[in-house]
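Reviewing the structure listed below.
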Amino acid sequence: MSGGSMGYIYNTLIEYKGYLCDPEMDSLLEDFCKVLHDAEWMHSADISEETYLKTVEEFKAKWFLEPREKRLKEFVEQIFQNAKNECLKMIGE
């Protein structure tokens, strides 16, 4: 059946990734949409409750247990890496 029990709300929400103008909020939205996806698929009998609960556990571990500073440092490092790659493209490397 591939979902549908919750109206594919995760597809609607993920369209707003980038509109939040904040990499941390975009990441939170993306991860939460994974939870919504798996909840919908579980309620539609497409995945097991065990699979859904694993997704919830991963979400909670990242957003409720991992120190925020660590996540922010990863965002900063990714921004610098992306900028470096763009600069290298400009000089042909």
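Numbering (the numbering used here), first residue to last: 27 to 119.
Glycine included, each C-beta is placed from N, C-alpha and C at the ideal position.
In this text the structure is predicted, and so the values were computed from the model without any measurement.
Three-way DSSP call (helix, strand, coil) for residue i in this model
{"i": "Ser74", "result": "coil"}
{"i": "Asp48", "result": "coil"}
{"i": "Glu132", "result": "There is simply no residue 132 to check, as the chain begins at 27 and stops at 119 in what is shown."}
{"i": "Ile35", "result": "helix"}
{"i": "Ser53", "result": "helix"}
{"i": "Glu92", "result": "coil"}
{"i": "Ile117", "result": "coil"}
Exposed unless 16 or more other CB atoms sit within 10 angstroms - verdict on residue i
{"i": "Asp64", "result": "buried"}
{"i": "Gly29", "result": "buried"}
{"i": "Leu62", "result": "buried"}
{"i": "Thr81", "result": "buried"}
{"i": "Glu66", "result": "buried"}
Rounded separation between residue i and residue j - CA only
{"i": "Gly33", "j": "Ile40", "result": "14 Å"}
{"i": "Lys115", "j": "Gln107", "result": "12 Å"}
{"i": "Asp72", "j": "Glu50", "result": "30 Å"}
{"i": "Gly118", "j": "Ile105", "result": "20 Å"}
Closest residue to residue i among the options (Cα-Cα distance)
{"i": "Thr38", "options": "Gln104, Glu76 and Leu55", "result": "Leu55"}
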